[in-house]
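Position one of the sequence shown corresponds to residue 4 (the working numbering), numbered consecutively onward.
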Amino acid sequence: MFFNQSDLDNEIRELHLKLDEKRKAFDEGMKSNMSFEDLRVLYAEIKALAKRQDLLFEESNLQKGWED
Numbered sequence: 004m005f006f007n008q009s010d011l012d013n014e015i016r017e018l019h020l021k022l023d024e025k026r027k028a029f030d031e032g033m034k035s036n037m038s039f040e041d042l043r044v045l046y047a048e049i050k051a052l053a054k055r056q057d058l059l060f061e062e063s064n065l066q067k068g069w070e071d
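See below:
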């Protein structure tokens, strides 16, 4: 799978922002006694976003290696 490097960088930045939002929501949920189910859903979303971000970092690093 090949992406334009700037597209990859933009998507990584967007994922980083989404992860920050979800982590803050999770922290707030813990403080406000959010239901376990809602916390579980937030945690799953965080985990999925982090996995996607890791894959994009890997793809980005591979492409940068090919460009050198």
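Glycine is no exception: its CB is placed at the ideal position from the N, C-alpha and C atoms.
MET33: member of the alpha helix (DSSP H) spanning 8-34, first to last residue. With fewer than 16 other Cβ atoms inside 10 Å of its own Cβ, LYS34 counts as exposed.
With a threshold of 16 other beta carbon atoms within 10 Å, LEU45 meets it and is buried. Assignment of SER38 by DSSP, reduced to helix, strand and coil, places it in the coil class.
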